[in-house]
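Residue numbers (UniProt numbering): 1 to 94.
Ideal Cβ positions, reconstructed from N, Cα and C, are used throughout, including at glycine.
To start, the structure under review is shown below, and the notes come after it.
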């Protein structure tokens, strides 16, 4: 072990700490709640991103439907198709 590693882990000899108290004093424990909060925030951010993706996908589909609807309304070749007003699905007039 080089000097930097010894200072980093507070070890005075290559064999490790000489007694247990030195080892316990040098080891710092992170609070468990901090980890849980980080995990919860990560999960929340993932869910929010999924919701946004879903929303964007729905908006894209809605715009495509509107564009198709406009195309059907304005195209003289497709006048034989009617648009059901309640569901906005296309059906044949036959």
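Where residue i sits in the DSSP three-state scheme
i          : result
residue 75 : coil
residue 92 : Unreliable positioning characterises residue 92 in this predicted model, as indicated by a pLDDT of 49, which lies under 50. The coordinate reading is nonetheless provided below. Looking at residue 92 - three-state DSSP - the assignment turns out to be strand.
Spatial distance of residue i from residue j (CA atoms)
i          : j          : result
residue 44 : residue 75 : 46 angstroms
residue 71 : residue 77 : 11 angstroms
residue 54 : residue 60 : 10 angstroms
residue 48 : residue 41 : 10 angstroms
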